[in-house]
Structures are given as structure tokens and as C-alpha cells.
Amino acid sequence: MANREALRVRVVGLVQGVGFRPFVHRLAERLGLAGYVRNMGGSEVEILVEGPPDSLRLFVSLLEKEKPPPAIIEEMRVEPVPARGLTVFRIEKSSRSRKERSMIPPDFGICDWCAREVLEPGTRFYRYPWTSCAWCGPRFSMMYDIPYDRENTAMREFPFCEECRRDYEDMGNIRRYHAQGFSCPRCGPKTILLDGRGEPLDVEDPVAEAARLIDEGHIVAVKGVGGFHIASLATDDEVVARVRRIKSRPTQPLALMARDCSVAAGLVALDAHACQLLRSPRRPILLLPKRDDAPVSPLVAPGLDTLGIMLPYTGLHLLLLHMVRDGFLVMTSGNRHGMPMCRTVECILDQLGGEIDYILTHNREIVHRVDDSVVRFTAGKPVLLRRARGYAPEWIRISRSVGEHVAVGADLQTAGAVSFDDKVVLTQYIGDLDEPGQLEELEEELKWLIRVYGLRPSSVALDMHPAYESRRLAAKLSEELDAEPVEVQHHHAHAVAAAADAGLDPWDYVPAVTVDGAGYGVDGVIWGGEAMIAGAEGFERTGTIKPFPLPGGDTATKRPLRILIGILSQGWGLDEILQLLEKMGHLGKGISEEEAVTSYKLARSNRTPLASSAGRLLDAVSALLGLRYRRTYEGEPAIVLEAYARRHGGKPLPDEPPATSYKGLSALDPLRVLEWVVEKLEEGVEPWHLAATVMYWVGRHLAETVLENYDGARDKPLLISGGAAVNDYIYMGAADAAKAYGRTVHIPGKVPPGDGGIALGQIIVAAAKTR
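Residues in the sequence shown are numbered consecutively from 1, following the UniProt record's numbering.
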């Protein structure tokens, strides 16, 4: 045919499950082009388009400019092919063939258009809890396989009714033409209200009845898209206390769900940026400063100056929050503390039966458990604490190809990962691997990613800590996949993950500060406050925190006065320590004299673990100031210390950080730090300024020790990573040191700085070691 050409376009990115094929069809029709578009077996999209050359050029240009809101185009490979004389454009059946690999879509929060349909009378989706469209709704949590087609998801159990079929086939219906996951009250999942024993209740509107019951003070388990929540009033002390007893969670903060930003603004300090993040398709829990007049029970977040807030991300949550009296609720994960989030009624009854009053559930299977993502602001930048719903399993693109590998992460708050080409795909947040259920889930999710992406990993990366549960999984995968096991030092992985997150070449050596609670060091010491120059192929430590005893090992991490005694034992006698504990009011209240004496003897015996941990040092300061005598959740004493300093306007004092030498390294001296705090307290200095100063010192000292030893390019930032890197005062100390050396600071933003992002670094180090 005269003056006709053809192009084959392969599009890689987030292009399945986001309305991309219908968009391509409409664009081709508008430009008078023929051909087809289809999903491919690697989650990519293939387009064949034929027509006049000018129209083809415009088509390629508009693919990026006019793509659907959730779509992400990372690569577009365009090649000329012979014209076939096609006369129409169509959406073809998906192919299992894999030419490229592309992103698996995460779950998207309900869009404004669907929300209006749920809330406004007159549409057939009015008060339907499970409405969605091409731009919103569950994706990953209900996928059995790729490509993202209805038959590969839990929606295959819900065939379209006639009206939904018409919408699906109507090219003029922008949000539902060829959308795979939507439904209506006639053909979609059904919502059911059960009593606490799992027996169905005969009610006309299960959501409205659940809202009424919650307003009366009852506790309801609510099934969402990635698991169950426990929903209750957040304003009633007795109700919140009961939620804590049910979950065996004495002090860990409980998340809240607010109807909208206007309701959230009555609870927390909320600016436009924070509201935009809350309303984004990712819909994370966002930690924000609590308002002094917030009508929230103090039991929701004891000792903290922030509240964790999210907005409704399904029609069910939206309806529930519009029906309850307060406009906000406790919406915390539905499980016994330490156990995986429940995704079935059977799990709720097994873990919480007899304690939950009612269960609001539905009959669509949750294929992948996906918890809520959690974000906080550090120095004004949003930082992930937990990467799950809305983010996973989007890949992280790095600056060079690493090949095919798998990583099992660490053991606490962890996620695993797989890699291919220049992409690393992290699993969703899995949690702590000390429960068999989480270890099994990590194995399932890694194997699913390996299968759907068609990978043959050459190595399995694991943490070098000999007692980690993840090592058992690594050994199993290594044998099954015939892949080489590769040990990676914990803080080396943190530093390299931060480099990849920053878009740097991870093979380049860059300055890094890695601060957390625990990581096994190459010398057998528990590291956690490290300055290093690191790249994929190795690292050199330049500074640390001088190691101190943890009397009783793991017991000390849960009872931080033991850590305090362990540090003071390096220069003080037992009588002096007992006198301090008595004077500070800790003896008999936070620790018995017998336990104090035992702790001292253990610390002096050389039979107890040593740690250079920033987290444990801050735990000791928190205990010294009487803020926390027990750790009931990961990082609690240090988190409360930061909140205490921030709430009272604590500012670092101008004193220099007390340093010493340890094995040739410049080391912050914990004994002198604590002695300084005691001296300043005796001088009458406000304790929140002392708390701020110690945290600031950690960041500043470690940053200075690495920067004075690094002579690399000036455009290389100082990296800061590890679970404690999100601390505002630690970050401030590092940033001030970096500024003095003419450098900026980078804290990870695409993955959590803590152990939830460590698998990214493990993959890269394993690739370097096996290359």
C-alpha cells in the first residue's frame, strides 16, 4: 500500500493492569492507524501499528504524553517492520511469550471517579464496596500469574454480568474498556458480616451494620485487599486498651484510617504535600505530628509525638469511614502480635477467635498477603519504613546489569528480592522471620517471582549472621535452584542498597554511614554504628561506636537498663552504678538490684556479646532518662527518645562528640557519652536537649570519620542507611558534617533504609562476588 509503514513497539514499565491497552486502542483509532496491542508473558506490552509515517511518529510521541495516570513507561523499543495491509486496530488475546520483562502492577487505592460512584446515588456502583476501574483497585494481591488478565486473578471466579460486559467492550468507556478487575453488585464479590464465632448474620447492609457496631464500641475484623484489619473506635480508652490486649501489643503504635484529608487534619499537622501522598494511588500509612487537641485516645501511640494515618483505599473502607460517627478509626493489622497478617476468616478465628466481636469479610481470595506501607518524613523527605501495598512489587532499576540472583534479606522487618538485567524486584514487606509463617511466606513470594519472570538465579544472597532464620531458606533455595550461596555483611548491604537507590553505580566506592540495631560484623561484634567507604566489591570501615557489652545478649535488647549497666561497667564500679540507678529512680522500678548486679557481673565477665550499635546506645540513653525500661517492639526505646526530644524542642548542644580510638578506627565513646549526660543532668540541663545531642553526635561523628578519609569525586553524596538513619537528629548530624565537606546526604527513598531494603544491596554484592 502506498505511503504506509509499520512499527513494532514493545513497552516496558508499569503497563499491565493500568488501562494501557485500551488507551493504545483509542489512540490508534483516533489517528486512523491499524494493527493490534497485546499483553505479553513478561508483563510487557507489544504493539503493532500501521499507517502513514506522520501518524506513526505522532502515535509514538503520544504514547508517553497521554498514557493513563497509573502507567509508567521505562523503555519503549520501536522497530520498523513490513506493512501487512491491515485495516483495523484491535486488542489481541494476551500471549504467554516473554520478549521483555516488565513490572507487575501493585495494588492501587480507589480513584476519585470510583469513589464518587460509590458515594453518589444514581450509579449502579452506589454503595458497592468492591468497585474499581482501569486506574484503581487490587492488582498484585489477587494475581495468580502474569500477564495481568482476569483469568489470571482471583476475579476469574466472578464472570461479568451483561452490563459489565457491555462496559468492558465499549471503547468509549475510558475507565472500564478492557479493564480486567472491575465488577458490580450483580456479578462481583459479596460482602458478609459474621459474628465472633464465624456465623453469618442476616443483615441488609453488612457495611452499615459493621459501622453501627463499631460506634457502639465493638471490635470488628475487616477483610481488605491484602489482609485483615482490626477496626475500632480510636477515641475510647477502654476500646483501644482491649484492642491492645487482643493483639498482645502493649505499646506499639496503632494505625488510624481517616475518611479524608479534612478529618486527618483534625488529628495531625497536615500540609499539602502530606495530603497529596495520603491521597496518592499508593495510599500509605503516613507518620505525621500529632495535634495537641487531637480527639484520639493516648493509648493509640503511647509516648510518641506522631500518629500513623492512612485514607480509605477500597470502596469498603470508604463506606465504613463515611458511616462511623468520628470519621476515623483504629485500623491495625488483623493478627496476633508477631504473626503474619491474616487473609482468611479461618486465620482470624484461629488467632483471635473469642476476642473479636464481628468479622466483615468478602468472598474474593487474597492471593498475596500485602500489608500497609508505612512512610515518615526525615528532614522533610518521605522515607519508607515498610514497603508493601501500593509499592511492591515494582522493581528498582540500577545503573548496570547484575544478572539473575535471589536474596533472602535479613531476619527483622524484612523483604526478599530477585534480579534480572538491571532490575531488582523486592517482595512486599514480609516481617520478622522468627515465626515459621513469615519464613514460609518469604519462600512462596520469592518462588512466585522466580517463576513468573522465568529466572534461573546463579546465586542466593544471605546475611552472614550465623543465627539468622533466613539462612535456612537460603540453603534450601541454593540446593533447589543449583545456585551459589553468597554471604553478605549486613552493613555492606545497607550501604550498597543506598547507592543503588541514589542512582549511583554501586561498583563505585562511596562514603556511607550505616546505623541500626544489629548486624553481624566480620570480627564477631554486633555492628550497628558504622562509617565505611563501600562499593559492590567490598568496603573499608573508617569509624564506629566503641563496642560495649550487652549483658544477657538478647535479654539486654529487651531491657535497656542492662545495656546502660553494660556501658557504665567499662569505667564504673558496681556501687557507683547502683547509686546512679537509685538516684535516677530506676532501681526497683525499672530493674531490681539483683538483676542489676547480675548484669554488671555478666558485663565484666567477658562472656557476653559486644555491640557497636547506634540503636542499643540510644536505648541506653532512653532508659537513663526514664523514658523506656522495656522494648516491646523493634526500636521502641530509641523511637521514644527521638519523639521526646522533638516534642520538647530539643536542640543539640555545641559540645564536641567524645571520641576515642578502637582498633585503629575513630570511635564514638559510649561510656563518655553517658557520663556527659549524667554530668549535664546534675547541672540542670533539660534532658530533651541531652537526648537531641546524643542522637546528633551519632550521625555527626560517623559522617566526619568517613568524609575525612574519602577523597572521591565531589559529586558523590554521603549515603546514610540502616533502620536508625530515619532519625531526624542522626540525619541532621550527618548532614551538617557533609555540608562542612561540601557534600549532600542521600537517604534511600525507593526502598526502606532499614532491613526492608537490605535485599537490594545483597543482590548487588552477590553479583559482584560471583561475576
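Every residue, glycine too, gets a C-beta built ideally from N, C-alpha and C.
Are the CB atoms of Pro82 and Ala6 within a distance shorter than 8 Å? Numbered from 1 along the sequence shown, position 6 holds the residue referred to as residue 6. Numbered from 1 along the sequence shown, position 82 holds the residue referred to as residue 82. A contact, by the Cβ cut-off of 8 Å.
Beta-bridge partners of Arg8, as assigned by DSSP: Looking up residue 8 in the sequence shown gives position 8. According to DSSP, which records beta bridges pairwise, Arg8 is partnered with Leu48, Glu79.
Between Ser478 and the rest of its own chain, which residues show a CB-CB distance below 6 Å, the 5 nearest in sequence each way excluded? Locating residue 478 in the sequence shown gives position 478, counting from the first residue. Val460, Pro485, listed in sequence order.
On the three-pair Cβ rule with 8 Å, is the segment 403 to 420 touching the segment 459 to 475? Result yes; three or more Cβ-Cβ pairs closer than 8 Å.
Nearest to Ala638 (by Cα), restricted to the options Ala620, Lys651, Gly650: One-based indexing of the sequence shown puts residue 638 at position 638. The shortest Cα separation from Ala638 among Ala620, Lys651, Gly650 belongs to Ala620.
On the DSSP letters alone, give me the boundaries of the alpha helix (DSSP H) that Leu665 sits inside. As a position in the sequence shown, residue 665 is number 665, starting the count at 1. Under the DSSP assignment, Leu665 falls outside any alpha helix (DSSP H), being part of the beta strand (DSSP E) whose first and last residues are 665 to 668.
Along the beta strand (DSSP E) that carries Ile104, what are the first and last residues, could you check? As a first step, residue 104 is located in the sequence shown; it is residue number 104 there, counting from the start. For Ile104, there is no enclosing beta strand (DSSP E), as DSSP marks it with neither H nor E.
Whose C-beta lies closer than 6 Å to the C-beta of Lys769 among residues of the same chain, with five residues either side of it excluded? If you number the sequence shown from 1, residue 769 lands on position 769. In chain order, Val486 place their CB closer than 6 Å to the CB of Lys769, counting only its own chain and leaving out the 5 sequence neighbours on each side.
What's the gap between the Cα of Leu267 and the Cα of Asp293? As a first step, residue 267 must be located in the sequence shown, where it is residue number 267. As a first step, residue 293 must be located in the sequence shown, where it is residue number 293. Distance between the alpha carbons of Leu267 and Asp293: 8 Å.
With distances taken Cα to Cα, identify the nearest neighbour of Arg343 among Asp260, Val263, Gly224. Counting from 1 along the sequence shown, the entry for residue 343 is found at position 343. The shortest C-alpha separation from Arg343 is found at Gly224.
Assuming Leu617 and Ile526 form a contact by the criterion Cβ under 8 Å, report the distance between their Cβ atoms to the nearest whole angstrom. Numbered from 1 along the sequence shown, position 617 holds the residue referred to as residue 617. Numbered from 1 along the sequence shown, position 526 holds the residue referred to as residue 526. About 12 Å separates the beta carbons of Leu617 and Ile526, which is beyond the 8 Å limit, so they are not a contact pair.
Gly334 versus His586, Gln351, Asp501, residue with shortest Cα-Cα distance: In the sequence shown, counting from the first residue as 1, residue 334 sits at position 334. If we check each option's Cα against that of Gly334, Gln351 comes out closest.
What are the boundary residues of the alpha helix (DSSP H) that His492 is part of? As a position in the sequence shown, residue 492 is number 492, starting the count at 1. Going by DSSP, His492 is part of the alpha helix (DSSP H) stretching over 490 to 501.
Output yes or no for whether 8 Å exceeds the beta carbon distance between Val517 and Gly635. One-based indexing of the sequence shown puts residue 517 at position 517. One-based indexing of the sequence shown puts residue 635 at position 635. Contrary to the premise, residue 517 reads as Gly rather than Val in this sequence. Contact flag set, yes.
What residues are listed by DSSP as bridge partners for Tyr662? Position 662 of the sequence shown holds residue 662. In the DSSP assignment, the residues bridged to Tyr662 are Leu665.
Provide the residue span of the beta strand (DSSP E) that contains Trp130, from first to last. By one-based count along the sequence shown, residue 130 stands at place 130. Looking at the DSSP string, Trp130 is not in any beta strand (DSSP E), and its letter there is neither H nor E.
For Arg150, tell me which candidate among Leu304, Asn39, Ser399, Thr123 has the shortest Cα-Cα distance. The residue labelled residue 150 in the question sits at position 150 within the sequence shown. Closest option to Arg150, Cα to Cα, is Asn39.
Would you mind reading off the limits of the alpha helix (DSSP H) that contains Ser419? For the purposes of this step, residue 419 is taken as residue 419 along the sequence shown, with counting starting at 1. Following the DSSP letters along the chain, one finds Ser419 in no alpha helix (DSSP H) but inside the beta strand (DSSP E) bounded by residues 417 to 420.
Just reading off the alpha helix (DSSP H) that Gly733 is part of, what are its end residues? If you number the sequence shown from 1, residue 733 lands on position 733. Unbroken alpha helix (DSSP H) run through Gly733: 728 to 740.
Could you tell me if Ser152 is buried or exposed, where buried requires 16 or more neighbouring beta carbons within 10 angstroms of its beta carbon? Position 152 of the sequence shown holds residue 152. Looking at the sequence shown, residue 152 is not Ser but Asn. With 16 or more other Cβ atoms within 10 Å, it is buried.
On the premise that Gly217 lies in contact with Asp237, defined as a C-beta separation below 8 Å, what is that separation, rounded to the nearest angstrom? Residue mapping note: residue 237 aligns to position 237 of the sequence shown, counting from 1. Residue mapping note: residue 217 aligns to position 217 of the sequence shown, counting from 1. At roughly 11 Å, the Cβ-Cβ gap does not stay under 8 Å, so Asp237 and Gly217 are not in contact.
Just tell me which of Pro466, Pro253, Gly42 has its CA closest to the CA of Pro302. Reading the sequence shown from its first residue, position 302 is the one you call residue 302. Of Pro466, Pro253, Gly42, the smallest CA-CA separation from Pro302 is found for Pro253.
Exposed or buried, which one is Ala737 when buried takes at least 16 other CB atoms within 10 Å? The count along the sequence shown starts at 1 and reaches residue 737 at position 737. With 16 or more other Cβ atoms within 10 Å, it is buried.
So within the segment 139 to 196, which uninterrupted beta strand (DSSP E) runs reach at least 3 residues, ignoring any that extend past its ends? The qualifying runs are 191 to 195.
N- and C-terminal bounds of the beta strand (DSSP E) containing Ala231: As a first step, residue 231 is located in the sequence shown; it is residue number 231 there, counting from the start. Membership of Ala231 in the beta strand (DSSP E) is indicated by the continuous run 228 to 232.
Considering only the beta carbon of each residue, do Arg8 and Glu50 sit closer than 8 Å? As a position in the sequence shown, residue 8 is number 8, starting the count at 1. As a position in the sequence shown, residue 50 is number 50, starting the count at 1. By the CB criterion at 8 Å, Arg8 and Glu50 fall outside the cutoff.
Entirely within the segment 422 to 487 and at least 3 residues each: give me those beta strand (DSSP E) ranges in chain order. Along the segment 422 to 487, the beta strand (DSSP E) occurs as fully enclosed runs of 3 or more residues at 423 to 426, 459 to 463, listed in sequence order.
Answer with buried or exposed for Ala388, where buried requires no fewer than 16 other C-beta atoms within 10 angstroms of its C-beta. On the sequence shown, residue 388 is found 388 positions in, with the first residue counted as 1. With at least 16 other beta carbons inside 10 angstroms of its own, Ala388 counts as buried.
Looking only at its chain, what residues have a beta carbon closer than 7 Å to the beta carbon of residue 779, apart from the 5 residues adjacent to it on each side? This structure leaves residue 779 out entirely; the chain is present only between 1 and 771.
In the structure shown, what three-state DSSP assignment does Ile246 receive? Against the sequence shown, residue 246 aligns to sequence position 246. Three-state result, Ile246: helix.
With DSSP collapsed to three states, give me the class of Arg291. For the purposes of this step, residue 291 is identified with residue 291 of the sequence shown, where counting begins at 1. DSSP places Arg291 in coil when its eight states are reduced to three.
Residue from Asp421, Leu602, Cys133, Glu480 whose Cα sits closest to the Cα of Glu443: Numbered from 1 along the sequence shown, position 443 holds the residue referred to as residue 443. When each option's Cα is compared against that of Glu443, the closest is Glu480.
Return yes when the Cβ of His648 is within less than 8 Å of the Cβ of Trp688, no when it is not. Residue 688 sits at position 688 when you count from the first residue of the sequence shown. Residue 648 sits at position 648 when you count from the first residue of the sequence shown. Yes, the pair counts as a contact, with Cβ atoms nearer than the cut-off.
Which of helix, strand or coil DSSP assigns to Ser95: In the sequence shown, residue 95 corresponds to position 95, counting from 1. Under the three-state reduction of DSSP, Ser95 is assigned to coil, being neither helix nor strand.
Please list the terminal residues of the continuous alpha helix (DSSP H) segment that includes Lys601. Position 601 of the sequence shown holds residue 601. Where Lys601 is concerned, the enclosing alpha helix (DSSP H) stretches over 593 to 604.
For the beta strand (DSSP E) that contains Pro200, what are its first and last residues? The count along the sequence shown starts at 1 and reaches residue 200 at position 200. Annotation: Pro200 is outside any beta strand (DSSP E) and is labelled neither H nor E by DSSP.
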